[in-house]
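Only one structure is covered here, and it is reproduced in the block below.
2 protein chains.
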Amino acid sequence: MPTYKAPTRDQKFLLHEVLELSRFSELESFQDADPEMIDAILEESAKFAEEVLTPLNRVGDEHGCIRNDDGSVTTPPGFHEAFDQLRQNGWMGLSADTKYGGQGLPGVLGLACGEMTSSANMSFGMYPGLTGGASKAISIGGSDEQKDFYLPKMYTGEWTGTMNLTESHCGTDLGMLKTKAVPQKDGTYKITGEKIFISAGEHGMSDNIIHLVLARIEGGPEGVKGISLFIVPKLKVSKDGSVGDNNGVTCGSIEHKMGIHGNSTCVMVFEDSVGELIGEAHKGLKVMFVMMNEARLGVGMQGLCQSEVSYQNAAIYANDRIQGRSLTGAKNENGPADPIIVHPDVRRMLMDSRAFNEGARAFIYWLALQEDLEKVSPDEKVRERADDYLGLMTPVIKGYITDIGFNNCVNAQQIYGGHGYIEEWGMSQFVRDARIAQIYEGANGIQALDLVGRKLARNGGRALMNISAEIDAYIKENEGNEDLKPFMDGLGDAKAKLQTGTMWLMQNGMSNPDNAGAGSVDYMHMMGIAMLTYMWARMAKTAQAAIDAGSDDPFYADKLITGKYFIARILPNMDSHLAKLQTGAEPVMALAADRF
Amino acid sequence: MPTYKAPTRDQKFLLHEVLELSRFSELESFQDADPEMIDAILEESAKFAEEVLTPLNRVGDEHGCIRNDDGSVTTPPGFHEAFDQLRQNGWMGLSADTKYGGQGLPGVLGLACGEMTSSANMSFGMYPGLTGGASKAISIGGSDEQKDFYLPKMYTGEWTGTMNLTESHCGTDLGMLKTKAVPQKDGTYKITGEKIFISAGEHGMSDNIIHLVLARIEGGPEGVKGISLFIVPKLKVSKDGSVGDNNGVTCGSIEHKMGIHGNSTCVMVFEDSVGELIGEAHKGLKVMFVMMNEARLGVGMQGLCQSEVSYQNAAIYANDRIQGRSLTGAKNENGPADPIIVHPDVRRMLMDSRAFNEGARAFIYWLALQEDLEKVSPDEKVRERADDYLGLMTPVIKGYITDIGFNNCVNAQQIYGGHGYIEEWGMSQFVRDARIAQIYEGANGIQALDLVGRKLARNGGRALMNISAEIDAYIKENEGNEDLKPFMDGLGDAKAKLQTGTMWLMQNGMSNPDNAGAGSVDYMHMMGIAMLTYMWARMAKTAQAAIDAGSDDPFYADKLITGKYFIARILPNMDSHLAKLQTGAEPVMALAADRF
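If you read the protein sequences in the order shown, they are chains H and P.
Residue 13 is where the first sequence starts when you use the working numbering, and the numbers rise one by one after that.
Residue 13 is where the second sequence starts when you use the working numbering, and the numbers rise one by one after that.
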């Protein structure tokens, strides 16, 4: 049975020492988040993840969700009880607006807690996760009345939420959606249509489910310009907050999926369901995109989470399992064989994952902090920069981290040999669960296209110019520090190659957009590697400073070792990506479509 | 429901035009294999794979195998009938020795037919596949009496076979095995022990199951030097070939696996089971290794097969599914959206798979031909060279092709978007099935270690020197051919980088074997890429010659396009592998084992 130990030491290192949250203690939402409070929350969240959610992970995979004949859905044993505990302890509103009953703590802290939930039990984490997405949409686009009515119940978890975008014939291309909304005299709409792939679409764990539904108002413009966003509760709601009859919302079936069995993925059928418009008519996508950006950050986190938990288990197994002897002589002389961690190739797989995980954690937390600053900083420049970074880096976090996170799960499974292929050992589940993160919330190819086709050029490329300048300044600032030389050299190298790739895209993407499309995934990975190199340089500096100050905590020495591994053995992936990027569209597009 | 179309056009191209089997028509086993005969066999095999085995693939995944209370195992619906058809049509003995009832055709032709079986239904293909492995062991190491008795029934499929190596505490490290063999007065042995992960270990599709079992004769030497190989039939056999009572062989349980559900993976329990020694006592590994080499070639083929069939389905889907518009303007103006094959990133994933598949097919067929030549060539030099190539390239085919084949399945699934994650679409099954090929028959890390630690240096590095000289000569021979320039340049580049990697290993692997271990998987991939580049150069030459001779078959033009894609976008992976290889053991081994 796989285990999970929350990486609170690393989380504290990032929040306190690298990102130095205490710098922001004057700002709203950071005021109450003093180091002691942060540590207490992390420890409490770790306990819940380790003790309650981890043991339910295999249960969820094995039992899955069952749709009953009456359309209700039964979640895996223990999920309901765990969800009760989650909301009773106030976890769902941790970084939500205090005006609506949230605790108003920084988003980066909420994300750190979300990391533990998702590492322990990805399927379970999606129930509160989707609720967070839906409440985010209401908080962005809803009227005061809507916020007052829905948010308090969603922040406590009394009601949960979902996002209903996809239809069977359209996922990426929402302009083709067919769900229709018919205006009623009382200002509401009647929603009719069928949505697929609705995570947490139906279950019995909350008193109501608030579906956020994309639909086209009858007579509205064609394509994406005629899409509106609606609040459609599963059960009809009264002004006093009580719930009534079913609102014409039923779960038609649930999907039999490769993984995340513990989460109910539903076909949702809406038949004359009463819905409230959020924001302006025909402008639903605008709200949806803001919310999706946040969801994408969460999905990137899922990639890290499965990578982290699979790494932890593989590391334990590699220390336990004895098989063969070290190439440099027996290391376990009194035993019949050495533990397989003596083998360099086993180490390679473990270090690939570890160096990625620690870098990816820093990258995600760093961006989550930008999101906080974008909200609460009094400095307009800081807010602008943070918003730029959020735009540019969200697709990178979603695409790059879920791609590599999945690969790391595969390698962790590989370390188990034949046992890794047997379901009861749990390593297959990590692979199967991690796989969805590359697909949903915009497949990774869409993320790459969003990056090169939209985000890169926004505001005249300001975001990339800013991060480049920030990196240059950082390298300059640390020039001459011999201990940090490998990191600064690596960072300079990464930045130069990213720049070469960017230049190539600029020079060739205009003349033929397919040049940008053909290199988009390579470019996304280059930016991911470059950003992790930057994060490693920053973490190395912090760790080195702690050592220089006399700390003998082996955590810091390990951090430097792991960072040097990243520079030596992950950074070189830039070379191949750059070479491929520069071949452009021609080799990719040469074969006629009907000859495939 | 996924489909499969056997790539007979490509197979014929390889057998007739690239490998030119007709050159060997004077040799045993090639005599009957004239082009018409080969084509007829390929077409017949294709029909069986497409029409009978393909529809059973999802059935096998959904139903799996069931162990009944009496220890018998029920295979998925339709498997038994299909197996009857397979053996009635004589497929199992296609390239087996005529002396024992086989048809004596070239092994490379048998492998081409095996490709179709495994692409159509990997789980099904393992029943005849394992039988082939077991009969191979008997043909290598058995006495004349054993061969006379067992082989005819196995070549017809009346009896099937298995390989029993692994025990729960030892997979890679067979020296630790505990199954014991006690000599009996009549020259037989009583075998007692428990084996795990036994593919096709129990089922009702044949009259008997011939288990090949590794065990230690009581009092024999410790470690790998005391391991013997035994024939242990499931049912006791009489001299007249009739079968009797159970031989103390039972299936204790079957595994719940990530994939290949249609194949029964058994825990096999032997209790005083009567066994016959194969070959010499304590020298069972020698026979086992010869047989394993052949099995590894078959597993490499499985990697290609899942990559091929998943590619085919993704290509169909990409032409059918409409979503969004081409970056260069609508391509399906009258429809609501363009088929997703217009998107460069979708093409990239398809072309990555296609260029790999065609190259890998050439590589495997080329090596299978070496195996034939090693057996039947009258020229000692040819036989020696063929044997060298088999030794050197088998781990590359097993490790490199299954690694990349798996990645291609993941990409094919990705092309389906959310539907790829839903089991009924079948793309998940390709990923789950392909995954085992990286693990069994020696995990890919073991293949890499076999390559750098054993095969590379064998006979003073003769095999690598020979293939290098062959490549050099090939480049020289085609100098000045402008049409082939990209291929010859690419081949020169690949060969030079492989050489640099080899030199690095030679210079650094002796002083510290962990340097070789740390770079072993990178090196294996480099050799795989270099060999596929060589194969592409040869295929390009053949295709170009056909075009120059006036052929207007678009097959040849597509071949050149696909080959150029390989050079442009797959060959650059060499760069990253080489850079990582050259970082050596230090970054990999620096972290203390207990700090993982």
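We put the beta carbon where it would ideally sit given N, CA and C, even for glycine.
Neighbour flag for residue i against chain P, beta carbons, 9 Å
| i | result |
| --- | --- |
| Y16 (chain H) | no |
| Y422 (chain H) | The sequence given here has Val at residue 422 (chain H), not Tyr. So yes, V422 (chain H) belongs to the interface. |
| F209 (chain H) | yes |
| D612 (chain H) | No statement about residue 612 (chain H) is possible, as the shown extent of chain H runs from 13 to 608 and does not include it. |
| C317 (chain H) | no |
| M518 (chain H) | no |
| M539 (chain H) | no |
| F418 (chain H) | yes |
| A52 (chain H) | no |
| E267 (chain H) | yes |
| F499 (chain H) | no |
Residue i, buried or exposed, once every other Cβ within 10 Å from all chains shown has been counted against 16
| i | result |
| --- | --- |
| T414 (chain H) | buried |
| H355 (chain H) | buried |
| I416 (chain P) | buried |
| E288 (chain P) | buried |
| K237 (chain H) | exposed |
| M477 (chain P) | exposed |
| A330 (chain H) | buried |
| R99 (chain H) | buried |
| K488 (chain P) | exposed |
| I634 (chain P) | Residue coverage of chain P in this structure runs from 13 to 608, which leaves residue 634 (chain P) outside it and unanswerable. |
| G216 (chain H) | exposed |
Contact belief for residue i with residue j at Cβ below 8 Å, rounded distance in angstroms
| i | j | result |
| --- | --- | --- |
| S440 (chain H) | H273 (chain H) | So it is not a contact: roughly 12 Å between Cβ atoms. |
| C278 (chain H) | G213 (chain H) | 3 Å |
| P88 (chain H) | G102 (chain H) | Actually they do not touch by this definition, with Cβ atoms about 24 Å apart. |
| G153 (chain P) | L241 (chain P) | 7 Å |
| S365 (chain H) | N420 (chain H) | 4 Å |
| T409 (chain H) | I376 (chain H) | It is worth fixing the name first, because residue 409 (chain H) is Ile in this sequence and not Thr. Right, their Cβ atoms sit about 6 Å apart. |
| I150 (chain P) | I290 (chain P) | 7 Å |
Sheet register partners of residue i (DSSP bridge)
| i | result |
| --- | --- |
| P351 (chain H) | H:I334 |
| P258 (chain H) | According to the sequence shown, residue 258 (chain H) is Asn rather than Pro. Partner(s): H:L247. |
| H28 (chain P) | DSSP, once it has assigned bridges, lists no residue as partnering H28 (chain P). |
| Y412 (chain H) | DSSP output for Y412 (chain H) lists no bridge partner at all. |
| V286 (chain P) | P:K202 |
| M175 (chain P) | P:L224 |
| M543 (chain P) | DSSP, once it has assigned bridges, lists no residue as partnering M543 (chain P). |
| F242 (chain P) | P:V225 and P:L289 |
| M280 (chain P) | P:K207 and P:C263 |
is_contact[residue i, chain H] using C-beta, thresh 9 Å
| i | result |
| --- | --- |
| M138 (chain P) | no |
| M13 (chain P) | no |
| S440 (chain P) | yes |
| R466 (chain P) | no |
| K197 (chain P) | no |
| S532 (chain P) | yes |
| C263 (chain P) | no |
| Y201 (chain P) | no |
| V600 (chain P) | yes |
| G432 (chain P) | yes |
Please determine if the segment 49-69 of chain H and the segment 13-27 of chain H are in contact, where contact requires at least 3 C-beta pairs separated by less than 8 Å.
yes
Measuring CB atoms only, is the segment 255-272 of chain P touching the segment 421-437 of chain H, in the sense that at least three cross pairs come out at less than 8 Å?
yes
Cβ contact check for the segment 503-519 of chain H and the segment 534-543 of chain H: 3 or more pairs under 8 Å
yes
Determine contact between the segment 569-583 of chain P and the segment 593-601 of chain H, defined as no fewer than three beta-carbon pairs at a distance below 8 Å.
yes
Between the segment 32-51 of chain P and the segment 386-401 of chain P, do three or more beta carbon pairs fall short of 8 Å?
yes
Check whether the segment 335-343 of chain P touches the segment 178-197 of chain P, taking contact to mean three or more Cβ pairs, one atom from each stretch, closer than 8 Å.
no
Are the segment 458-470 of chain H and the segment 243-258 of chain P touching, with three or more C-beta to C-beta distances below 8 Å?
no
Evaluate contact between the segment 167-183 of chain H and the segment 223-230 of chain H, counting only Cβ atoms and requiring at least three cross-stretch pairs below 8 Å.
yes
Please determine if the segment 563-571 of chain P and the segment 545-555 of chain H are in contact, where contact requires at least 3 C-beta pairs separated by less than 8 Å.
no
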